[in-house]
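Asker:
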Amino acid sequence: IKSALDEIPGIGRVKRNTLLKHFGSVEKIREAPIEELTMIRGITPGMAEAIKKALLIQTH
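Letter by letter, the sequence shown follows residues 962 to 1021 of my numbering.
Listed below in structure tokens is the structure:
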């Protein structure tokens, strides 16, 4: 299954699946604050910012 998360550097299959399992959808990930994203194992503040930026760009 393809996900918008697949286009983000540093987010591989395992991190993508972990994020989707925790949040339930890309939409929920997009809405989550950076602080909540960094609570996920393996997601650094830099990755969280990249996720937010990439998902915001993909909606416009």
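C-beta atoms are modelled at their ideal positions from N, C-alpha and C, and glycine is treated no differently.
Note that the coordinates shown come from a computational prediction; the quantities given were computed from them, not determined experimentally.
According to the Cβ coordinates, are residue 1011 and residue 998 closer than 7 Å?
Answerer: By the CB criterion at 7 Å, residue 1011 and residue 998 fall outside the cutoff.
Asker: My output table needs one value for residue 1006: the three-state DSSP class, helix, strand or coil.
Answerer: helix
Asker: Could you check which residue in 979, 1019, 971 and 988 has the C-alpha nearest to that of residue 1000?
Answerer: Ranking 979, 1019, 971 and 988 by Cα distance to residue 1000 puts 979 first.
Asker: Please list, in chain order, all residues of the same chain as residue 983 whose beta carbon is under 8 Å from its beta carbon, the five residues on each side excluded.
Answerer: Excluding sequence neighbours, residue 983 sits near 1001.
Asker: Restricting to Cα atoms, I'd like to know which of 1014, 970, 1018 and 977 is closest to residue 994.
Answerer: 1014
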